[in-house]
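Colleague: First the structure, then my questions, so here it is.
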Amino acid sequence: MSVQDRKQREQAIRERLIVATARELAEQQGWDAVTTRRLAERIEYSQPVLYSHFRGKREIIGAVAMQGATEMAAAVRAATAAEADPRAKVTALAHAYLDFAARNPAVYDALFQLDGGLAYAQEHTPEPLKDAFAALMESLSQVAGEGVAPGLFTEVFWASLHGLATLTRTGRLLPEHAELRVRLLVDRLAAA
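Going by this note's numbering, the sequence shown opens with residue 1, and the numbers climb by one from there.
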């Protein structure tokens, strides 16, 4: 292994450590607790080393969001893969999405609430974000209904799921109606 290869490998290891530590700290104490100073202390590197990888907290949030998009896409695909019926796929998708949001609140915030410097719904949107949307659209396009663009339907369904995830997490919805809400969403929006 060349010196250059070793340095690149070490840099990738440090970046993964920074992102994992930021994610862990955010899940434990919230994103306000994630500072470059705290990260540097936790990973036992100097702040300049952190800044050699990320220009600041915004880029770290973006890195966590990219990781989260990949994980969410995998969770949605895993949940829907076992279902043959289009409506059953959509129900599985809804549960996987809401479960992901509930289990990973800091990652969910990095993806959809905080500014990580990432472009959404644009030509230069990073591939992990495009793939997360594609994972939703794979199942939702089957139930969009005649004359409805699958991408548009996916945006509306996703917005509904996001609202449910956010309102549930902040305690604004009754927990005992969680399953009924998913059933209602699928019944009313999924045409197939």
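Glycine included, C-beta positions come from ideal geometry on N, C-alpha and C.
(1) Can the beta-carbon of residue 165 be found less than 8 Å from the beta-carbon of residue 76?
(2) To the nearest angstrom, how far is the alpha carbon of residue 28 from that of residue 110?
(3) Can you tell me whether residue 97 is buried or exposed, with buried defined as 16 or more other CB within 10 angstroms of its CB?
(4) Throw me the rounded Cβ distance for the residue 53 and residue 87 pair, which I believe falls under 8 Å.
(5) Output yes or no for whether 8 Å exceeds the beta carbon distance between residue 64 and residue 186.
(6) Does the distance from the C-beta atom of residue 128 to that of residue 140 stay below 8 Å?
(7) For the 8 Å Cβ check, are there 3 or more pairs between the stretch 17-24 and the stretch 37-48?
(8) Quick one: residues in its chain with C-beta nearer than 7 Å to the C-beta of residue 94, no 5 flanking neighbours on either side, listed in chain order?
(9) Using beta-carbon positions only, say whether residue 144 and residue 153 come within less than 8 Å of one another.
Modeller: Put simply:
(1) Position 165 of the sequence shown holds residue 165. Position 76 of the sequence shown holds residue 76. No, these two residues do not count as a Cβ contact at 8 Å.
(2) Taking the sequence shown and counting its residues from 1, one reaches residue 28 at position 28. Taking the sequence shown and counting its residues from 1, one reaches residue 110 at position 110. Near 14 Å, if we compare the C-alpha coordinates of residue 110 and residue 28.
(3) For the purposes of this step, residue 97 is taken as the residue at position 97 of the sequence shown. Under this definition residue 97 is a buried residue.
(4) For the purposes of this step, residue 53 is identified with residue 53 of the sequence shown, where counting begins at 1. For the purposes of this step, residue 87 is identified with residue 87 of the sequence shown, where counting begins at 1. In fact, because the Cβ distance is near 45 Å, the residues do not count as touching under 8 Å.
(5) Here residue 64 refers to the residue found at position 64 of the sequence shown. Here residue 186 refers to the residue found at position 186 of the sequence shown. For residue 64 and residue 186, no; Cβs fall outside 8 Å.
(6) Within the sequence shown, numbered from 1, the residue matching residue 128 stands at position 128. Within the sequence shown, numbered from 1, the residue matching residue 140 stands at position 140. No, the Cβ-Cβ distance between residue 128 and residue 140 is not below 8 Å.
(7) The stretch 17-24 is in contact with the stretch 37-48.
(8) Here residue 94 corresponds to residue number 94 of the sequence shown, with the count starting at 1. Hits under 7 Å: 161, 182, 185 and 186.
(9) Counting from one through the sequence shown, the residue named residue 144 turns up at place 144. Counting from one through the sequence shown, the residue named residue 153 turns up at place 153. Yes; because the gap between Cβ atoms is below 8 Å, this pair is in contact.
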